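Please read the structure below before turning to the comments.
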Amino acid sequence: MKSPSRLITFRISHYCEKVRWALDRTGFPYVEECHLPPLHRLKTTPLGGSSVPVLVTEAQIFTDSGEILRHLDTMAPPHLKLYPDSPVLRQETEALEAQFNHQLGVLTRQWGYFYALENRGVMKKLWCEGVPTWEKLLFPVMFPFARYLVHSSYNVYYESAVAAYHRIQCIFKMVGDRLSDGRKYLVGDCFSAADLAFASLSAPGLVPPEYGGRFPELNQLPNEMVEQIQILRETVAGNYALRLYQEDRYGKCTAEVCQ
Ligand SMILES: N[C@@H](CCC(=O)N[C@@H](CS)C(=O)NCC(=O)O)C(=O)O
């Protein structure tokens, strides 16, 4: 019998959520190994990676969420494919996925950390979920260093958070405009990697109840952040991502549409 793949993550990371969703949806057995930043590097560096997620299968190691989705797609049954067969639609799907990966995910992380990073209690919950006990015990020592790394690598400051929120709204507007012709999914007639990437990478701005990691309760977050979440939730694109979470995150696939 094949042993399950290993998925190395931060539980709260939306890039990890993107891969968990794809794994759950396609039904591939895996075991998630969550780590505290920056201790994940003890696992990812020897595997040839740096960031999380990293997927380790019996045959291969994948160090990027896009690579992982493409790998899963090669093994998924036809009704669970994440990329369309048509070359034109596939190119469109990959272009949107790349845009969400390189822009939306970066922006929602930058904006979200601006509000959460100074709240040690919230950060402890976010970063310690599912990690081994010895890593949890190291949280008080690692936190100041990890916070410094996040500030400097992700440019987390007031001005950048304001700009990030504006750019998130622009991406939501683009997605809303795309949906304005009444289509059910972003590309073609089926759920695809573009939908999955949009919903998971916008999740810090929407806090969907079905999210695979545990976000803080809204009443633990600053009012200004909660107001901005409400605004995003009420947009066409926000509504869309929340619907995808409700309909698809836990197994209710679109098989009848895609077969
Ligand atoms: N290109 C990567 C980006 C993933 C990413 O940015 N992961 C962040 C967590 S949200 C990370 O691991 N940061 C810590 C690091 O780079 O060591 C992917 O899509 O897999």
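Positions 4 to 262 (the working numbering) are the ones given, in order, by the sequence shown. Every residue, glycine too, gets a C-beta built ideally from N, C-alpha and C. Here the structure is a predicted model, which means the values were calculated and not measured.
- Looking at the DSSP output, Phe65 sits in a beta bridge with Leu58.
- When only Cα atoms are considered, Asp251 and Tyr86 end up about 16 Å apart.
- Taking a C-beta distance under 9 Å as the contact criterion, Leu42 and Leu141 qualify as a contact pair.
- For the options Leu247, Ser155, Val210 and Arg23, the alpha carbon positioned closest to that of Ile71 is the one of Arg23.
- Per DSSP, the beta-bridge partners of Tyr33 are Ser8.
- Apart from sequence neighbours up to five positions away, the residues of its chain that approach Lys127 with a beta-carbon distance below 8 Å are Phe142 and Phe146, ordered along the chain.
- For Cys131, the closest C-alpha among the options Cys37, Tyr116, Val55 and Gly52 is that of Cys37.
- For the 9 Å CB-CB criterion, Ser68 and Asn104 form a contact.
- Within the stretch 180-219, the complete alpha helix (DSSP H) runs of at least 4 residues fall at 196-209.
- Distance from Trp114 to Gly208 at the Cβ level is roughly 7 Å; contact confirmed, criterion being Cβ atoms closer than 8 Å.
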